[in-house]
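Heads up: the sequence shown at position 303 corresponds to 303 in the UniProt record's numbering, and the numbers run straight through without jumps. Even glycine gets a Cβ: it sits at the ideal position worked out from N, Cα and C. Let me begin by presenting the structure, written as structure tokens, before commenting on it.
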Amino acid sequence: MDRDNILLTPGPLTTSLRTKLAMLKDWGSWDADFNALTARVRRGLLDILHAGDSHVVVPLQGSGTFSVEAAVATVVPRDGHLLVLDNGAYCKRMAKLATLMGRRTTVLSFAEDGPVDPALLAQRLAEDPSITHVGLIHCETGTGVVNPLAEVAAICEAAGRGLIVDAMSSFAALPIDARTVRFDALVAASGKCLEGVPGMGFVFLRRSILDGCAGRSHSLAMDLHDQHHYMERTGQWRFTPPTHVVAALACALDQYEEEGGQPARLARYTANFDTLVAGMAALGFGTFLAPEYLSPIIVTFLAPADARYDFKAFYAGAKAHGFMLYPGKLTEVETFRVGCIGAIGPKEMQQAVDAVAHTLAGMGLSRAD
Ligand SMILES: *Cc1c(COP(=O)(O)O)cnc(C)c1O
């Protein structure tokens, strides 16, 4: 079979043939055509957040984590203090990268099976004036839970603290409006809900903090202030750009607009999610999160308790049917995850549920519960 497997993973994810075909051309990184492509992508990204007046967007080579690291390095002063709101694996990653680069970092821990509590943030900020910035993961992809971005942003604004948002798995699908939600930096990447290919991230930086960010980064490659100024001056990326990834993202952005932008994308992911959760429930699969906390980005399912279940075999079975599942990221309970994002619709999701049913039957299980 020459059809690609369907990736039910939250990046890389299934892309359209049109997006893949957009990569069949070589671009010169200095060339005006490529500079125009970069400029078009940056404009398109700003439009999605309604951020053209308030923010700039700075693209950066690498996976999404590179851009989270760059955002922290560029925005948090070397003598600053970052408070990371932690309810999962990606929160812990932000705290770790901030600690490693030598920024004072404090973690405010919450249970993994629910959103972070803005009231506890407000209390902590009132108690500790040394905290300069707050780090928030919008959709914690480790479980799928969505954190209350607007409430957290309002508290940070009222308390006069900066906010860095990792919106990697939510950007372009869940609504975020920079005109009403105040953040210093918001990070996302090419290979998530925009349905581009992986290879670059981008950071929205509030214009009013930009000048103050000069010289904060400990790292040359991670310095978004420098990347931004160079790009403004020359139209070019500072170092070799991921040309084919940018071309694929430009094409993916065209398709995003043609589909109807954020509301249409969210509607399709919600249809995927509904099909998935209903189909899996019929097979006896429970979700790790309570129903009110589930999001149409990624769903964490509890693994069957039966001794005949084994994730490796389960994964191999689903893959043989053409569907790639995602392992769980929780240490306490055995789970697996299924992404709802990517260039797929409810039809593919129903086929994925059928593949899971066949795989389960192949393990001798008629149901998961
Ligand atoms: C995907 C993702 C990242 C980035 O992960 P990479 O493996 O570096 O691309 C960061 N945060 C969240 C919430 C994500 O979903």
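Under the criterion of a Cβ to heavy atom distance below 8 Å, does Phe66 qualify as lining ligand 1?
yes
Taking 9 Å as the cut-off, decide whether the C-beta atoms of residue 413 and Cys251 are in contact.
The shown model of the chain, from 1 to 369, leaves out residue 413, and the question about it has no answer.
Does the contact criterion of 3 or more C-beta pairs under 8 Å hold for the segment 321 to 335 versus the segment 145 to 153?
no
So what does Gln61 bridge to, in DSSP terms?
Beta-bridge partners assigned by DSSP to Gln61: Met200.
For ligand 1, I want to know if Thr141 counts as a neighbour, meaning its beta carbon is within less than 8 Å of at least one of the ligand's heavy atoms.
yes
Curious, which full-length beta strand (DSSP E) runs of at least 3 residues does the segment 248 to 281 contain?
none
Rounded Cβ spacing between Thr295 and Val145 (contact assumed at less than 8 Å):
Sequence inspection shows Ser at residue 295; the Thr mentioned does not correspond to that position. 7 Å between Cβ atoms; contact.
According to DSSP, is Arg182 helix, strand or coil?
coil
Below 8 Å, is the gap between the Cβ of Ile176 and the nearest heavy atom of ligand 1?
no
Below 7 Å CB to CB, which residues in the same chain sit around Glu157 once its five sequence neighbours on both sides are set aside?
Here the set comprises Arg182.
Nearest-angstrom Cα separation, counted from Ala368 out to Leu302:
9 Å
Using alpha carbons as the reference points, say which of Arg93, Gly279, Leu100, Thr105 lies closest to Gly64.
Ranked by Cα distance from Gly64, the first of Arg93, Gly279, Leu100, Thr105 is Arg93.
Taking the CB atoms as reference points, tell me whether Thr74 and Asp223 lie closer together than 9 Å.
yes
Going by DSSP, name the residue or residues bridged to Met23.
In the DSSP output, where bridge partners are listed per residue, Met23 has none listed.
Between Leu108 and Leu136, what straight-line distance do the alpha-carbon atoms span, to the nearest angstrom?
If you draw a straight line from the Cα of Leu108 to the Cα of Leu136, it is about 11 Å long.
Mark Leu289 as exposed unless 16 or more other C-beta atoms lie within 10 angstroms of its C-beta, in which case mark it buried.
That one is buried.
Can we say the segment 18 to 33 touches the segment 257 to 268, given the rule of at least three CB pairs closer than 8 Å?
Touching, no.
Which residues mark the beginning and the end of the beta strand (DSSP E) in which Ile298 is found?
298 to 302
Got a sec, what are the start and stop residues for the beta strand (DSSP E) Ile164 sits in?
162 to 166
With hydrogens ignored, establish whether the beta-carbon of Tyr256 is closer than 8 Å to any heavy atom of ligand 1.
no
Excluding the five sequence neighbours on either side, which residues of its own chain have a C-beta within less than 8 Å of the C-beta of Arg78, listed in chain order?
Gly102, Arg103, Arg216, His218
Short of 7 Å in beta carbon distance, which residues of its chain neighbour Ile341, apart from the five on each side in sequence? Order them along the chain.
Pro10, Leu13, Ala173, Lys192, Cys193, Tyr269, Ile297
How should Thr240 be labelled, buried or exposed, when 16 other C-beta atoms within 10 angstroms of its C-beta is the threshold for buried?
The residue in question, Thr240, is exposed, as its Cβ has fewer than 16 Cβ neighbours within 10 Å.
Which residue's Cα is closest to the Cα of Val277: Gly339, Leu249, Met168?
Gly339
Is it buried or exposed, Arg206, if we count other Cβ atoms within 10 angstroms and call 16 or more buried?
buried
From Met200 to Val41, what distance separates their C-alpha atoms?
12 Å
Of the listed residues Thr359, Gln350, Ala343, Val356, nearest to Asp4 (C-alpha basis):
Checked all of Thr359, Gln350, Ala343, Val356; the closest Cα to Asp4 is Ala343.
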